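Under my numbering, residues 458 to 559 are what the sequence shown spells out, in order.
Heads up, the beta-carbon is just placed ideally off N, CA and C, and yes, glycines get one too.
Just so it is clear, the structure is predicted and the values come from calculations on it, not from any experiment.
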Amino acid sequence: FCAVSCRDRFAADPDKYLTKPDQSAGRSHEMNDPANDEVEYTCPMHPEIVQIGPGSCPICGMALEPKEISLNDAPDPEFTDMRRRFWVAAALTVPIFVAAMS
Numbered sequence: 458f459c460a461v462s463c464r465d466r467f468a469a470d471p472d473k474y475l476t477k478p479d480q481s482a483g484r485s486h487e488m489n490d491p492a493n494d495e496v497e498y499t500c501p502m503h504p505e506i507v508q509i510g511p512g513s514c515p516i517c518g519m520a521l522e523p524k525e526i527s528l529n530d531a532p533d534p535e536f537t538d539m540r541r542r543f544w545v546a547a548a549l550t551v552p553i554f555v556a557a558m559s
C-alpha cells in the first residue's frame, strides 16, 4: 500500500476495492455512447491487453487505442490535454528564459 491510511481504508472495507462498481453508475458522458461499448481497445505497447471500451493499460498506463479504425471525427482528448500542458509550460518558461538571457 502507498501509505498506512490506504491500508487502513482497505482493511475497513476490502469488498469496496475488490469488486467492480456498477457499470451504469459513475460513467462519464463519453462512456455513455453505445458505440464505445462495442469497440475493443488495446495498448499500443502491450497488444495482449484488450478490453471493451477506452481506458488505460494496467502495465504501462498508456491510453488504450481502438483496435479498428473509425471515421469518428471527434477531437482527441489526449491531444487537447497535451496541447494545453504545452502552452502552460511555454508560458512559464518564457519569463525564465528572458531573465536568464538578460
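Cα-Cα separation, residue 468 to residue 517
One-based indexing of the sequence shown puts residue 468 at position 11. One-based indexing of the sequence shown puts residue 517 at position 60. Taking the straight line from one Cα to the other gives about 27 Å.
**Study point:** Buried versus exposed call for residue 475 [16 or more other C-beta atoms within 10 Å across all chains shown]
**Key:** As a position in the sequence shown, residue 475 is number 18, starting the count at 1. Counting Cβ neighbours within 10 Å, residue 475 comes out exposed, since fewer than 16 surround it.
What residue range does the beta strand (DSSP E) around residue 497 cover? As a position in the sequence shown, residue 497 is number 40, starting the count at 1. Where residue 497 is concerned, the enclosing beta strand (DSSP E) stretches over 497-499.
field: First and last residue of the uninterrupted beta strand (DSSP E) at residue 509
entry: As a working mapping, residue 509 is identified with position 52 in the sequence shown. Run containing residue 509: 507-509, per the beta strand (DSSP E) assignment.
**Item:** Where residue 463 falls, given that 16 or more other Cβ within 10 Å makes a residue buried
**Value:** As a working note, residue 463 is residue 6 in the sequence shown. Looking at its Cβ environment, which holds fewer than 16 other Cβ atoms inside 10 Å, residue 463 is exposed.
Where does residue 520 sit, in a helix, a strand or coil, going by DSSP?
By one-based count along the sequence shown, residue 520 stands at place 63. Looking at residue 520 - three-state DSSP - the assignment turns out to be strand.
query = Which partner residues does residue 513 have in the DSSP bridge list?
reply = The residue labelled residue 513 in the question sits at position 56 within the sequence shown. BP columns for residue 513 point to 520.
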